[in-house]
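**Q**
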Amino acid sequence: MTNLLLQKASLYGEDVKDVLIADGVITAVEADLTPQDGERVIDAKGMVLLPGLVDLHVHFREPGYEDAETILTGSQAAAKGGFTTVFPMANTYPVQDTAGVVEAVRTLGEEAGYCDVRPNGAVTVGLKGEHLAELGAMAHSKARVRVFSDDGHCVSDPLVMRRALEYVKGFDGVVAQHAQDPRLTLKAQMNESELSSELGLNGWPWVAEASIIARDVLLAEHVGARLHVCHISTRTSVEIIRWAKQRGVQVTAEVTPHHLLLTEEKVRGYDARFKVNPPLRDQADVDALREALADGTIDIVATDHAPHPEEAKDCEWDCAAMGMLGLEASLRVVQETMVDTGKATWRDVARFMSERPAEIGQAELSGRPIAVGEPADLCLYDPSGRSSFTLDDLASKSSNSPYLGIELPGRVAWTIFRGEPTLIDGTIADRSDVAAAARRRRELAVSEASA
-16 MTNLLLQKAS LYGEDVKDVL IADGVITAVE ADLTPQDGER VIDAKGMVLL PGLVDLHVHF
44 REPGYEDAET ILTGSQAAAK GGFTTVFPMA NTYPVQDTAG VVEAVRTLGE EAGYCDVRPN
104 GAVTVGLKGE HLAELGAMAH SKARVRVFSD DGHCVSDPLV MRRALEYVKG FDGVVAQHAQ
164 DPRLTLKAQM NESELSSELG LNGWPWVAEA SIIARDVLLA EHVGARLHVC HISTRTSVEI
224 IRWAKQRGVQ VTAEVTPHHL LLTEEKVRGY DARFKVNPPL RDQADVDALR EALADGTIDI
284 VATDHAPHPE EAKDCEWDCA AMGMLGLEAS LRVVQETMVD TGKATWRDVA RFMSERPAEI
344 GQAELSGRPI AVGEPADLCL YDPSGRSSFT LDDLASKSSN SPYLGIELPG RVAWTIFRGE
404 PTLIDGTIAD RSDVAAAARR RRELAVSEAS A
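Numbering-wise, the sequence shown is residues -16 to 434 according to our numbering.
1) Which residue from S381, F372, G279, M30 puts its Cα closest to that of E49?
2) Does DSSP classify L210 as helix, strand or coil?
3) Which one of G356, T246, Q266 has the shortest CA to CA distance from K258?
4) Just to confirm before moving on: does the CB-CB distance between T235 and I343 stay below 7 Å?
5) Identify the continuous beta strand (DSSP E) that holds R23 and give its terminal residues.
6) Going residue by residue through the region 227 to 315, where are the continuous alpha helix (DSSP H) segments of at least 4 residues, counting only ones entirely within it?
7) My output table needs one value for K(-9): the three-state DSSP class, helix, strand or coil.
8) What are the boundary residues of the alpha helix (DSSP H) that includes P392?
9) On the CB-based measure, 16 or more other CB atoms within 10 Å of its CB, does G47 come out buried or exposed?
10) Sort C137, A304, E357, A277 by Cα distance to A289 and report the nearest one.
11) For S371, report the span of its beta strand (DSSP E) as first-last.
12) Using CA coordinates, which residue listed in A327, L276, N260, N185 is at the minimum distance from H136?
13) Kindly list the residues whose CB is nearer than 8 Å to the CB of A421, restricted to its own chain and excluding five residues on each side of it in sequence; keep chain order.
14) Please return the same chain residues whose Cβ sits closer than 7 Å to the Cβ of D268, not counting the five positions on each side in sequence.
15) Run the CB neighbour count on A11, radius 10 Å, all protein chains shown included, and call it buried at 16 or more, exposed below.
16) State the Cα-Cα distance for the pair A223 and R230, rounded to the nearest angstrom.
17) In chain order, what are the residue ranges of uninterrupted beta strand (DSSP E) at least 3 long that sit wholly in the region 150 to 230?
18) Does G104 come out as helix, strand or coil in the three-state DSSP assignment?
19) For I4, which residues does DSSP report across the bridge?
20) Quick one: what's F66 bridged to in DSSP?
21) Using a Cβ-Cβ distance cut-off of 7 Å, determine whether A267 contacts chain B.
22) Which term fits N174, buried or exposed, when burial requires 16 or more other beta carbons within 10 angstroms of its beta carbon?
23) Contact defined as beta carbons within less than 8 Å: I believe P358 pairs with R351. What is the distance between those atoms, to the nearest angstrom?
24) Looking at the structure shown, is L377 part of a helix, part of a strand, or coil, going by DSSP?
25) Assess, as a yes-or-no matter, whether the region 148 to 165 is touched by the region 192 to 206 under the definition of 3 or more beta carbon pairs within less than 8 Å.
26) According to the Cβ coordinates, are G112 and D140 closer than 7 Å?
27) From V157 to T324, what does the alpha carbon distance come to, in whole angstroms?
28) Just to check my reading of the structure: A116 and A105 have Cβ atoms closer than 8 Å, yes? What is that Cβ distance to the nearest angstrom?
29) Is the region 269 to 280 touching the region 21 to 38 in the sense that three or more CB pairs, one from each, lie closer than 8 Å?
30) Given a cut-off of 7 Å on the beta-carbon distance, is the pair Q(-10) and D1 in contact?
31) How many Å lie between E22 and V284 at the Cα?
32) Could you round the C-beta distance between T440 and V41 to whole angstroms and report it? I think they count as a contact, below 8 Å.
33) Shortest alpha-carbon distance to E293 belongs to which of E52, D38, V128, E(-3)?
34) Decide if P385 is buried, meaning its Cβ has at least 16 other Cβ atoms within 10 Å, or exposed.
35) Would you decide whether R166 is buried or exposed? Buried here means 16 or more other CB atoms lie within 10 Å of its CB.
36) With DSSP run on the structure shown, which of helix, strand or coil describes I411?
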């Protein structure tokens, strides 16, 4: 394992230090360290050093839908975006609703080696919303699942939702709800507004999201369990979350980069890259989401990275799949919407893109401070300059990014996972090198377990 020396990095956008990494751990954080023989020196002058980013909400499609993404390509997309830990959702085929499936996903992530892949488990069998899945078995499996979600489907039955919240209390798990009343969104295609009427598309009302959140925070309060609300998109949802936190409800919430940047106006061209669940809302909603992230009402940014094959998007709007890529562009979007607007500092970014998602998902080695003795999961980000987001910026197997052609600031320069570079000056690290590092980690883990 090569030792790394990051020279003149701006830790959290603040103090400029040199950071030495050896054997997967940060071993020194000082000014003006002298390079030693065998160290790989990285010129980090002018760059922000953050803890490796953590995404609580991605879709890697494997098993079952490898034409859109695999755990390997999804992990490479994560590295491209500065992420070292990701939580893939359960809507695979077979569904991640048993210990066997989540363990298989976990193993594929370990073999890929680009990041820590921690599968989320389904709440209900087959995502059908009827019977609880093997929550306990998944929690006590090798995958150690702590986040359970039927994302893509709302757990709409209140009794099933209550039972799920009660069950996960036993191992301090969390239910991550996709808040969408299925009756109020029947055949919905975009945000319900004057624009939806103008475009002739069925509207998706804000109340379909807010009503489920209101119900679920009351259920969580009643049973004393942890609730996480996925991809909130409306100002009313923000108000409900804020109210619930003031009451002491154990609720957390996430917002996506696309809901921080884009509005329903993007739908005017019927470009299906902008078709997403929940839909893009109006500017007042975008403004409310930014303010809520800044003041902590919204806890984290999560990408909802949702790859689709070309044919699923290159069709008429009504037939197109919902979802968009997010991993590769997320930090650039957050700089544009939060940092450059003065709403957040880089230390705030570390909190809501690394530390808090790691806490919610109980990823103990992730989101750690940049300090001596801590795991070397790091993101080195160059905030200078602006450039158009292009296909060259993608590592995903799919290309359904809403940001293509949009000018964004900055770039992720280096991603370091357990002390090994997975992104090198903007280029995905060689597959054989990453695989070799992953094998060494597995062998070390086996050796330590048998000692």
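The C-beta atom is built at its ideal place from N, Cα and C for all residues, glycine as well.
**A** Let's see:
1) Position 66 of the sequence shown, counting from 1, holds the residue named residue 49. Of the listed residues, the one whose Cα sits closest to E49 is S381.
2) Numbered from its first residue, the sequence shown carries residue 210 at position 227. Three-state DSSP puts L210 in a strand.
3) Here residue 258 corresponds to residue number 275 of the sequence shown, with the count starting at 1. Checked all of G356, T246, Q266; the closest Cα to K258 is T246.
4) Position 252 of the sequence shown holds residue 235. Position 360 of the sequence shown holds residue 343. Contact flag set, yes.
5) What you label residue 23 is simply residue 40 of the sequence shown in a count that begins at 1. Run containing R23: 23 to 26, per the beta strand (DSSP E) assignment.
6) 240 to 244, 266 to 278, 293 to 296
7) The residue you call residue -9 lines up with position 8 of the sequence shown. Residue state, collapsed to three classes: strand.
8) Numbered from 1 along the sequence shown, position 409 holds the residue referred to as residue 392. No alpha helix (DSSP H) holds P392; the beta strand (DSSP E) holding it covers 390 to 400.
9) In the sequence shown, counting from the first residue as 1, residue 47 sits at position 64. Exposed is the call here.
10) Here residue 289 refers to the residue found at position 306 of the sequence shown. Ranking the options by Cα distance to A289, first place goes to A304.
11) As a working mapping, residue 371 is identified with position 388 in the sequence shown. Note, S371: beta strand (DSSP E), 361 to 371.
12) As a working mapping, residue 136 is identified with position 153 in the sequence shown. When each option's Cα is compared against that of H136, the closest is N260.
13) Counted from its first residue, the sequence shown places residue 421 at position 438. Excluding residues within five positions, the ones whose Cβ falls inside 8 Å are E93, E94, A95, G96.
14) Sequence index remark: in the sequence shown, residue 268 carries index 285 (1-based). Same-chain partners within the cutoff: S216, T217, R218.
15) The residue you call residue 11 lines up with position 28 of the sequence shown. By the neighbour-count rule (16 or more Cβ atoms within 10 Å), A11 is not buried but exposed.
16) Position 240 of the sequence shown, counted from the start, is the residue given in the question as residue 223. Position 247 of the sequence shown, counted from the start, is the residue given in the question as residue 230. Per the sequence presented here, residue 223 reads as Ile, with Ala not at that position. Approximately 11 Å between the Cα atoms of the pair.
17) 157 to 160, 209 to 212
18) To locate residue 104, count along the sequence shown from 1; it is residue 121. DSSP places G104 in strand when its eight states are reduced to three.
19) Against the sequence shown, residue 4 aligns to sequence position 21. The partner list for I4 (beta bridge, DSSP) reads L(-13), I9.
20) Locating residue 66 in the sequence shown gives position 83, where the first residue counts as 1. L36.
21) Absent here is chain B; the protein component of the structure consists of one chain.
22) On the sequence shown, position 191 is the one that residue 174 refers to. So N174 counts as buried.
23) In the sequence shown, counting from the first residue as 1, residue 358 sits at position 375. In the sequence shown, counting from the first residue as 1, residue 351 sits at position 368. Yes, they are in contact, since the Cβ atoms of P358 and R351 sit about 6 Å apart, within 8 Å.
24) The count along the sequence shown starts at 1 and reaches residue 377 at position 394. Looking at L377 - three-state DSSP - the assignment turns out to be coil, as it is neither helix nor strand.
25) yes
26) Residue numbering aside, residue 112 sits at position 129 when the sequence shown is read from its first letter. Residue numbering aside, residue 140 sits at position 157 when the sequence shown is read from its first letter. Yes. Within cutoff.
27) In the sequence shown, the residue the question calls residue 157 occupies position 174. In the sequence shown, the residue the question calls residue 324 occupies position 341. Taking the straight line from one Cα to the other gives about 33 Å.
28) Along the sequence shown, read from residue 1 onward, the residue named residue 116 stands at position 133. Along the sequence shown, read from residue 1 onward, the residue named residue 105 stands at position 122. Yes, A116 and A105 are in contact; Cβ-Cβ is about 5 Å, under 8 Å.
29) no
30) As a position in the sequence shown, residue -10 is number 7, starting the count at 1. As a position in the sequence shown, residue 1 is number 18, starting the count at 1. It is a contact, given that the beta carbons lie within the stated cut-off.
31) As a working mapping, residue 22 is identified with position 39 in the sequence shown. As a working mapping, residue 284 is identified with position 301 in the sequence shown. For E22 and V284, the distance between alpha carbons rounds to 34 Å.
32) Because the chain here runs from -16 to 434, residue 440 falls outside it and cannot be looked at.
33) In the sequence shown, the residue the question calls residue 293 occupies position 310. The option with the nearest alpha carbon to E293 is E52.
34) As a working mapping, residue 385 is identified with position 402 in the sequence shown. Classification for P385: buried.
35) The residue labelled residue 166 in the question sits at position 183 within the sequence shown. Exposed.
36) In the sequence shown, the residue the question calls residue 411 occupies position 428. I411: strand per DSSP, three-state reduction.
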